[in-house]
Amino acid sequence: MNSQKDQEMDAQLQAKLDKSRAILRSLRSVVVAFSAGVDSTFLLALATETLGAKNVLAVMGISPSLPQRERDAGQQLAREIGVELAEIETTELSDPNYASNPTNRCFYCKQELFVRLGKLAGERGFQTVVSGANADDTGDFRPGLEAGRLLDVRTPLLEAGLTKDDIRVASRTMGLKTWNKPAAACLASRIPYGQQVTAERLHRVELAEGVLKDLGLRQCRVRDHDLVARIEVPCDDLYTVVEARDRIVEALKGVGYAYVTLDLQGFRSGSMNEILAQRQAAGERISSD
Numbered sequence: 040m041n042s043q044k045d046q047e048m049d050a051q052l053q054a055k056l057d058k059s060r061a062i063l064r065s066l067r068s069v070v071v072a073f074s075a076g077v078d079s080t081f082l083l084a085l086a087t088e089t090l091g092a093k094n095v096l097a098v099m100g101i102s103p104s105l106p107q108r109e110r111d112a113g114q115q116l117a118r119e120i121g122v123e124l125a126e127i128e129t130t131e132l133s134d135p136n137y138a139s140n141p142t143n144r145c146f147y148c149k150q151e152l153f154v155r156l157g158k159l160a161g162e163r164g165f166q167t168v169v170s171g172a173n174a175d176d177t178g179d180f181r182p183g184l185e186a187g188r189l190l191d192v193r194t195p196l197l198e199a200g201l202t203k204d205d206i207r208v209a210s211r212t213m214g215l216k217t218w219n220k221p222a223a224a225c226l227a228s229r230i231p232y233g234q235q236v237t238a239e240r241l242h243r244v245e246l247a248e249g250v251l252k253d254l255g256l257r258q259c260r261v262r263d264h265d266l267v268a269r270i271e272v273p274c275d276d277l278y279t280v281v282e283a284r285d286r287i288v289e290a291l292k293g294v295g296y297a298y299v300t301l302d303l304q305g306f307r308s309g310s311m312n313e314i315l316a317q318r319q320a321a322g323e324r325i326s327s328d
């Protein structure tokens, strides 16, 4: 019985992959919005396999919201996949609509990125900009998707119905080392909505999370509540943080925090969105201004 279910699942995944490839072939040449994450790495590899490296350009947006570790990882992944990587400086921090950190902050970030990618695609002769959004993204608060739709950015994985789990399975089959990489949202997601996003705060978060990663914690967040650092790690790793308490406290105070806390709920992707649900439940109007 399990074998039959596995075969059905394999057939479903194969059908989705075939559809993704068909979409890519219809686009002929693509600029991939590349972040070195699970989804964009898989899309880059699939596009390169389907269209050939000469018809694919990977582009990373470089700004204070991208950790240096992810930039380095992106450069290495592009080499391994065998595709050209371009890096472009993005200036979302100079946009008050972004820096004021409204609930739809990601819209302005993606708008800045996709406009620049579209311009680069035109200059280099590539037909379409594509992003690695997947089918699961439609079930979450994702204002960046709207920016992509408005700018005609295609989402082959989402359009083919590929979920995050599908992408991890397919990535493993393709030999991509990102198949089990933890989710890694941009550093601005660590700052509560309505509090100013600055290069200094983003750098502080990057340094703080680097301390945790150096301890071997693959999945971690340091939420920046001004003078308070709120650490999120999976519940299984809570004791690791407690054991290294003195080292962590000293390091995080060294980068500018006055207080260091550990969130006993553990890691939750998008935990800053929890306040939005609470406000909605209380009947408050959520403003994107």
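Take 40 as the starting number for the sequence shown in the numbering used here and just add one per residue.
Glycine is no exception: its CB is placed at the ideal position from the N, C-alpha and C atoms.
If you count every other CB in all the chains shown that lies within 10 Å of the CB of residue i, and 16 or more means buried, which is it?
i: GLN150; result: buried
i: VAL281; result: exposed
i: VAL236; result: buried
i: ALA238; result: exposed
i: SER133; result: exposed
i: LEU56; result: buried
i: LEU303; result: exposed
i: ALA223; result: buried
i: LEU266; result: exposed
i: ASP285; result: exposed
i: ALA75; result: buried
i: GLY113; result: buried
i: ASP204; result: exposed
i: ARG188; result: exposed
i: ARG67; result: exposed
Out of curiosity, what's the CA-to-CA distance linking residue i and residue j?
i: GLY293; j: VAL299; result: 11 Å
i: CYS148; j: VAL77; result: 20 Å
i: THR279; j: GLY309; result: 22 Å
i: GLU126; j: THR142; result: 27 Å
i: LEU156; j: ALA72; result: 8 Å
i: LEU96; j: GLY164; result: 10 Å
i: LYS216; j: THR177; result: 26 Å
i: ALA186; j: LEU291; result: 35 Å
i: SER104; j: GLN115; result: 19 Å
i: LEU184; j: CYS274; result: 30 Å
i: LEU85; j: THR212; result: 12 Å
i: GLY200; j: ASP49; result: 14 Å
i: ALA39; j: GLU313; result: Given that the chain is displayed from residue 40 to residue 328, the structure contains no residue 39 and the question cannot be resolved.
i: MET311; j: ARG240; result: 16 Å
i: ALA209; j: LEU152; result: 27 Å
i: PRO182; j: PHE306; result: 22 Å
i: SER65; j: GLY249; result: 41 Å
i: PHE146; j: ASN136; result: 9 Å
Figure out for me which residue from the options has the closest Cα to the Cα of residue i.
i: GLU271; options: LYS252, ASP285 and ARG286; result: LYS252
i: THR87; options: ALA117, PHE146 and ARG211; result: ALA117
i: ALA297; options: ARG144, ALA223, ARG163 and ARG269; result: ARG269
i: LEU277; options: GLY295, GLN258 and GLN51; result: GLN258
i: THR89; options: VAL69, ALA75 and VAL98; result: VAL69
i: VAL154; options: GLY113, LEU197 and GLU131; result: GLU131
i: ASN94; options: LEU301, ALA54 and GLN166; result: GLN166
With a CB to CB cut of under 7 Å and the five nearest residues on each side skipped, what residues in its chain are close to residue i?
i: PRO195; result: SER59, ILE62, LEU63, LEU82 and VAL169
i: GLU198; result: ILE62
i: ILE206; result: VAL77, ASP78, PHE81, ASN173 and LEU196
Can you confirm whether residue i, when its beta carbon is compared against all beta carbons of chain C, has any partner nearer than 7 Å?
i: GLN234; result: Checking the listed chains, one finds no chain C in this structure; it contains a single protein chain.
Leaving out five residues on either side along the sequence, give the residues of the same chain with a beta carbon under 8 Å from the beta carbon of residue i.
i: VAL288; result: VAL299
i: ILE101; result: ARG110, GLU126, ILE127, GLU128 and THR129
i: ASN140; result: ALA227, ILE230, PRO231, TYR232, GLY233, GLN234, GLN235 and VAL236
In its own chain, which residues sit with a C-beta less than 6 Å from the C-beta of residue i, not counting the 5 before and 5 after it?
i: LEU254; result: ALA283
i: ALA160; result: VAL70 and VAL168
i: GLU123; result: LEU96
**Item:** Sufficient close CB pairs (3 or more, under 8 Å) joining the stretch 240-254 to the stretch 106-117
**Value:** yes
**Message:** With three or more beta-carbon pairs closer than 8 Å as the criterion, would you say the stretch 159-173 touches the stretch 185-205?
**Reply:** Yes: the two stretches touch, three or more of their Cβ pairs being nearer than 8 Å.
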